[in-house]
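Under mature numbering (1 follows the signal peptide of the UniProt record, and there is no 0), the letters of the sequence shown match residues -19 to -1, 1 to 144, in that order.
The C-beta atom is built at its ideal place from N, Cα and C for all residues, glycine as well.
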Amino acid sequence: MKKFIITLVLAIAPFVTFAQSTAFSKFEDVDGIESLTISKDMFDMVSTMKVSTDSEKSKMTMDLIKGMDYLKVFSTSQRKYRKEIKTAVTDYLKLNRLEQLMSFTNEKAKIKIYVNKGDDASIIKEGLVFIEDEDDKGVVLLSFTGNINLKDAEKLKDLKDFR
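Have a look at this one:
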């Protein structure tokens, strides 16, 4: 029984990460939507590069990169695509178990961060950041999966001279 459960979990795992990576793929290569996609292969390639890890920021950056599976960013200011992206995010959140980690609103933007945590509360398996311009002039969607350690990310933001 134990082997069956382990096999089942391993068989389903790729589909869980595949769901998010394909959920927003319809926004790739669309005129009017700027997009950036970084695959696991690219993260693996960067993490194996010979980079000086003498500095603390270099080491922490490489640790974060090693934990990433993929990253997608979509941005648009066109009304029809803003609505499509917002609807896709809403639909995705209804179908998947992401919890809202943070929400921030000011006079310029609404920012919402959703995550799916790992077994350890400091590990994020999946994340989604959605930013809406307060004047309804643009949206940004950032989607990622991996094993991102929040403790490492926290240390990285504290480095003042990060370039």
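Shortest alpha-carbon distance to residue 86 belongs to which of 64, 115, 63?
Here the question's residue 86 lines up with position 105 in the sequence shown. Its Cα nearest to that of residue 86, the residue 115 stands out among 64, 115, 63.
Could you give the first and the last residue of the continuous alpha helix (DSSP H) run that contains residue 194?
Coverage of the chain is limited to positions -19 through 144, which leaves residue 194 absent and any answer about it impossible.
Residue 146 to residue 29, Cα distance in whole Å?
Nothing about residue 146 can be reported from this structure: the residues present for the chain run from -19 to 144 only.
Are three or more beta carbon pairs between the segment 35 to 42 and the segment 103 to 119 nearer than 8 Å?
They do not touch, by the three-pair rule.
From this set, 41, 17, 113, 6, which residue's C-alpha is nearest residue 129's C-alpha?
What you label residue 129 is simply residue 148 of the sequence shown in a count that begins at 1. Here the closest residue by C-alpha is 41.
contact_flag[the segment 49 to 62, the segment 115 to 126] where n(CB pairs < 8 Å) is 3 or more:
Yes, the segment 49 to 62 is in contact with the segment 115 to 126.
Report the option in 121, 79, 65 whose CA atom is closest to the CA atom of residue 99.
Looking up residue 99 in the sequence shown gives position 118. When only C-alpha atoms are compared, the closest one is 79.
Can the beta-carbon of residue 93 be found closer than 8 Å to that of residue 81?
Here the question's residue 93 lines up with position 112 in the sequence shown. Here the question's residue 81 lines up with position 100 in the sequence shown. Yes, the pair counts as a contact, with Cβ atoms nearer than the cut-off.
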